[in-house]
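Please read the structure below before turning to the comments.
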Amino acid sequence: MDETATGARRGGAGAAPPAGAERPAPPAAPGGRGAGRLPLLDVLRGLAIMGTLGTNIWIFTSPGAEIGMLSGGGAPSLASIPADPVPAVIAEALFRFAANGTSLSLLTLLFGAGLAIQFRSASKRGERWPGPYKWRALFLFFEGLVHFTLVFAWDVLMGYAVTALVTAWLLARGPRLRAAAAWTAGALHLLLMAAGTALLLAAAEAGEGLPVDPGVVRLYAEGSYPEQIAFRLENLLLLRIEPVLTFGLLLVLFLAGAALFRAGAFSPGAEGRRLRVRTAAWGLGAGLPLKAAASLAGAEFLLVERYVGAPIAAIGLAGLVGLVYDRMRRTGPVTAALSGVGRTALSGYVLQNVLAMLVCYGFGLGLASRFAGTGPWWVFGLWAALCAVLVAGSALWLRRFDTGPLEAVQKAVLSRVGRG
């Protein structure tokens, strides 16, 4: 989660890149926006972290929570608005549409950019690649396993760790192999999403649904914390299905993020702005209509919305935010808030899920069952409150420390691991 920040802080004497690899991009130019790091990446990462909470908050607050989301649950979408155009439905549908898939894809894209920074740093130090990076990926997998077991079933860290190892190997190879891997992974992903959509359409035509098990609803509304942990472990294969089914998409976004970084799409200057214009125009121009069409088509096309349209839109969003950032005050409150959350991304990602769990589930405050059926407004308020905690917490923490607490633990552990 913090690949970008840690990689951007590293220096070292210049050295030739590994054989067969592209020559890494030069560091960001010095100046008011910082030397040796790209502030835009911090801003984008902060936006992505709070955006993933905008998706996950509906899981924590829905009946059946982590399992309940698999039923679809009749959640409002753009297709719901014409049938029931009341403010609550419109607001929830638009909120879900904006966050669903887009934020996660943006976060994945940025992880690929951070991995490219790690590769550049290793090249400058003359280190073998992936070399010690495999320990970082292994530690990330362990962090994800703990997070999955103790906090949140739909953890992304484990999938990121596996994809990072494959991408790290590809970064040390030639551009033709990376392009072939990306096109192959993308094509297989599209075929899988098409097959999944066909199954959903067939199930809808047959009148088959996936109702929420009342026992699962009671588990999250009244069950104890150990019972929820045991439930996650008992259903591990089902709850880990997303990163398996979307591995091709993860690989494509990792490689796309690395390619955008190397091309200078996150860097200041005229060339960076030209790339941001192109990515914003292409990504939003293609991704948003596709995402909107899938949402309007109904729940049977949720795979197309989340895993096809949203990733394209996320690339466009990265370009658009970059263009806005180019014209904003660099030290304004919005950019400062997003940057702080972005610099503590791993800690913020875990913290937001821990807090949501304690607030929503029965062993904590139990707000999900207490406010069930009351509409979306309290969910919006909870999301805003948790985002405020992330912003305030990161600002206070970064006054004394350079990285977030979990990032510091990761760095301390990895520093004790043998290199090579």
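Start counting the sequence shown at 380; every next residue gets the next number (the numbering used here).
Where is the CB? At the ideal position from N, CA and C, for every residue including glycine.
*Which of the three DSSP states, helix, strand or coil, is assigned to S603?*
Here residue 603 refers to the residue found at position 224 of the sequence shown. Of the three classes helix, strand and coil, the one that applies to S603 here is coil, per DSSP.
_W508, buried or exposed, once every other Cβ within 10 Å from all chains shown has been counted against 16_ = As a working note, residue 508 is residue 129 in the sequence shown. That one is buried.
*Enumerated in chain order, which unbroken segments of the alpha helix (DSSP H) with a length of 4 residues or greater are wholly contained in the stretch 618 to 690?*
Those alpha helix (DSSP H) runs which fall completely within the stretch 618 to 690 and span 4+ residues are 620 to 624, 626 to 642, 649 to 676.
*Classify A692 as buried or exposed, calling it buried when 16 or more other Cβ atoms lie within 10 Å of its own Cβ.*
For the purposes of this step, residue 692 is identified with residue 313 of the sequence shown, where counting begins at 1. Its Cβ being crowded by 16 or more others within 10 Å, A692 is buried.
*Below 8 Å, can you find three or more Cβ-Cβ pairs linking the stretch 733 to 753 to the stretch 542 to 552?*
With contact defined as three or more Cβ pairs closer than 8 Å, the stretch 733 to 753 and the stretch 542 to 552 are not in contact.
*asked:* Only counting the same chain, and skipping five residues up and downstream in sequence, which positions put a Cβ closer than 8 Å to that of G651?
replied: Position 272 of the sequence shown holds residue 651. Excluding residues within five positions, the ones whose Cβ falls inside 8 Å are G643, A644, F645, G701.
*Assign F680 to buried or exposed, taking buried as 16 or more other Cβ atoms, counted over all protein chains shown, within 10 Å of its Cβ.*
Along the sequence shown, one-based indexing puts residue 680 at 301. Per the 10 Å Cβ criterion, buried.
*Three-state class that DSSP yields for V796 in the structure shown*: In the sequence shown, the residue the question calls residue 796 occupies position 417. In this structure, V796 counts as coil in the three-state DSSP scheme.
*Residue from C766, I496, V535 whose Cα sits closest to the Cα of F640*: Here the question's residue 640 lines up with position 261 in the sequence shown. Nearest in C-alpha terms to F640, of all of C766, I496, V535, is I496.
_Straight-line Cα distance separating T487 from E613_ = Translated into positions along the sequence shown, residue 613 becomes position 234. Translated into positions along the sequence shown, residue 487 becomes position 108. Straight-line Cα distance between these residues: approximately 28 Å.
*Could you give the distance in angstroms between the alpha-carbon of P755 and the alpha-carbon of V591?*
Here residue 755 refers to the residue found at position 376 when the sequence shown is read from its first residue. Here residue 591 refers to the residue found at position 212 when the sequence shown is read from its first residue. Cα to Cα, P755 sits roughly 20 Å from V591.
*Given that a residue counts as buried once 16 or more other Cβ atoms are within 10 Å of its Cβ, and exposed if not, what is D781?*
Mapped onto the sequence shown, residue 781 falls at position 402. Exposed.
_I'd like the list of long-range same chain contacts for E601, defined as Cβ closer than 6 Å, with 5 residues on each side in sequence excluded._
In the sequence shown, the residue the question calls residue 601 occupies position 222. Counting only residues of its own chain and dropping the five nearest sequence neighbours on each side, E601 has a CB closer than 6 Å to the CB of G741.
*In angstroms with no decimal places, state the Cα-to-Cα distance between Y686 and L630.*
Within the sequence shown, numbered from 1, the residue matching residue 686 stands at position 307. Within the sequence shown, numbered from 1, the residue matching residue 630 stands at position 251. Rounded to whole angstroms, Y686 to L630 spans 13 Å at the Cα level.
*Closer than 6 Å by C-beta to L579: which residues in its own chain qualify, once you throw out the five before and the five after it? Chain order, please.*
In the sequence shown, the residue the question calls residue 579 occupies position 200. Within the same chain, L579 has close Cβ partners E679.
*Let me know the secondary structure DSSP gives V596 once reduced to three states.*
Counting from one through the sequence shown, the residue named residue 596 turns up at place 217. Looking at V596 - three-state DSSP - the assignment turns out to be helix.
*Is the distance from the Cβ of F610 to the Cβ of L628 below 8 Å?*
In the sequence shown, residue 610 corresponds to position 231, counting from 1. In the sequence shown, residue 628 corresponds to position 249, counting from 1. Not in contact: F610 and L628 (Cβ atoms no closer than 8 Å).
_Excluding the 5 residues flanking T481 on each side, which residues of the same chain have their C-beta closer than 6 Å to its C-beta?_
Translated into positions along the sequence shown, residue 481 becomes position 102. Here the set comprises A689, A692, A693.
_Endpoints, alpha helix (DSSP H) assigned at P461_ = Taking the first residue of the sequence shown as 1, we reach residue 461 at position 82. Residues 459 to 462.
_Assigned exposure category for V596 - 16 Cβ within 10 Å defines buried_ = The sequence position of residue 596 within the sequence shown is 217, counting from 1. Label assigned to V596: buried.
*Integer Cβ distance of L517 from A697, believed to fall under 8 Å*: The count along the sequence shown starts at 1 and reaches residue 517 at position 138. The count along the sequence shown starts at 1 and reaches residue 697 at position 318. The Cβ separation is near 28 Å, so there is no contact.
*Under the three-state DSSP convention, the category R552 falls into*: To locate residue 552, count along the sequence shown from 1; it is residue 173. In this structure, R552 counts as coil in the three-state DSSP scheme.
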